[in-house]
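Encoded as structure tokens, the structure appears first; notes follow it.
Below, the structure written as structure tokens:
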């Protein structure tokens, strides 16, 4: 059975290239929920895109593929809501509990909220790091064989 035209998960809705993933990992806002961690970064496309990162900690290939299918299905059904809440974004979704179960109804409740929260974090200006207190001190030079006295 074919999905309605507006609910298809087309190739253009995938993050596929390594540099696309790296850009999101580097600059994205992050939000963590009960089942998922979502990294989100606004894009200039007219639609949202999804990338999945399911590690081997989540079990054998059959289990990892099932997790990916569940996340893809929730994205496919909620893409319009995600775009309404968060705009057009690049998302990377990482399952958080290797041993846990991922019920579709819970994923669908959690996913758009996490995407919106992650986009809000991505839009914040980056925090400036203060210099470390000990890094500005000069190291004393010691002669070879000299005792360790201050």
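Numbering (the numbering used here), first residue to last: 68 to 217. Glycine included, each C-beta is placed from N, C-alpha and C at the ideal position.
{"Asked": "Same chain, Cβ closer than 7 Å to residue 218, neighbours up to 5 away in sequence not counted", "Found": "Because the chain here runs from 68 to 217, residue 218 falls outside it and cannot be looked at."}
{"Asked": "Classification of residue 125 by the beta-carbon crowding that lies within 10 angstroms, buried from 16 upward", "Found": "buried"}
{"Asked": "Exposure label - residue 158; buried when at least 16 CB within 10 Å", "Found": "buried"}
{"Asked": "Expected contact under 8 Å - CB spacing of residue 156 and residue 107 to nearest Å", "Found": "5 Å"}
{"Asked": "Residue range of the alpha helix (DSSP H) that includes residue 179", "Found": "171-190"}
{"Asked": "Contact the region 103-121 vs the region 177-187: 3+ CB pairs below 8 Å", "Found": "yes"}
{"Asked": "Range covered by the alpha helix (DSSP H) that runs through residue 144", "Found": "128-153"}
{"Asked": "Test: residue 86 CB closer than 8 Å to a CB of chain D", "Found": "Checking the listed chains, one finds no chain D in this structure; it contains a single protein chain."}
{"Asked": "Same chain, Cβ closer than 8 Å to residue 145, five either side skipped, listed in chain order", "Found": "175, 178 and 179"}
{"Asked": "Outcome for residue 166 when other beta-carbon atoms lying within 10 angstroms are tallied against a minimum of 16", "Found": "exposed"}
{"Asked": "Span of the alpha helix (DSSP H) around residue 99", "Found": "Counting along the chain, residue 99 falls outside any alpha helix (DSSP H), though it belongs to the beta strand (DSSP E) covering 96-99."}
{"Asked": "Residue 114 and residue 80 closer than 8 Å at C-beta", "Found": "yes"}
{"Asked": "Helix, strand or coil at residue 226 according to DSSP, with G and I counted as helix", "Found": "Missing from the structure shown is residue 226; the chain here goes from 68 to 217 and no further."}
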